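Enquirer:
In our numbering, the protein residues as written are -5 to 191.
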């Protein structure tokens, strides 16, 4: 594997769409189809999108994602094996996300330092690449770029579980711990994993 991590730019929008079109999820993955639109959509915007699903959920999600990408409303990092996108991490300044019913950032995690915190709200790794260090490489790049940008911390919002389970789009607690994140807060099985920079 020849892995490189790149921040999402306008030039990489075709690679982003290709990843979610073709390899982000297996046919049986409960997290798909998805194009990572919801973290920056209000509940009302999500409802409007869902009302258009009819018989083409994936097509509707893709249409909204393409518009949001063109507007710069989806931010994060793509992982490439050679020229093929094989992973995604939705990461941006905490204050760019919105509160909605899906709580990509849990209600109890919002605080006064949102302007200086980089948040990681989602990972999507192609099934054939899971367990091969792609999430670690993505998260490492997020931390490095957050430090270079003068952020005070990086946060992730892991589901707490005992033992190994199916792929978790939030990233497992252990992923964060392995990169020096610590448990900053926890409620109802969701942890704020924080790395102070």
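By construction, the Cβ of each residue, glycine as well, lies at the ideal position given by its N, Cα and C atoms.
Owing to the predicted nature of the structure, the values given are computational and were not obtained by experimental measurement.
With a cut-off of 8 Å on the beta carbons, I'd call residue 117 and residue 83 a contact; round off their distance for me.
Expert: Confirmed, about 5 Å.
Enquirer: What's the C-alpha gap between residue 148 and residue 165?
Expert: The alpha-carbon atoms of residue 148 and residue 165 are separated by roughly 14 Å.
Enquirer: Counting only the same chain and skipping the five closest in sequence on each side, list residues whose C-beta sits under 8 Å from that of residue 191.
Expert: Same-chain partners within the cutoff: 137, 140, 141, 145, 146, 147 and 148.
Enquirer: Taking 8 Å as the threshold, find out whether the segment 88 to 106 comes into contact with the segment 3 to 16 through three or more Cβ pairs.
Expert: Output reads no: the segment 3 to 16 does not touch the segment 88 to 106.
Enquirer: Check this for me: beta carbons of residue 120 and residue 80, under 7 Å apart or not?
Expert: Yes, these two residues count as a Cβ contact at 7 Å.
Enquirer: Since residue 84 is in the beta strand (DSSP E), which residue starts that stretch and which ends it?
Expert: From DSSP, the beta strand (DSSP E) with residue 84 extends over 78 to 87.
Enquirer: Let me know the secondary structure DSSP gives residue 68 once reduced to three states.
Expert: In the structure shown, residue 68 sits in coil (DSSP, three-state: anything other than H, G, I, E or B).
Enquirer: Sort out for me which residues DSSP pairs residue 189 with in a bridge.
Expert: Looking at the DSSP assignment, residue 189 forms a beta bridge with 148.
Enquirer: When DSSP builds the beta bridges, which residues end up paired with residue 75?
Expert: Note: residue 75 sits in a beta bridge opposite -3 and 78.
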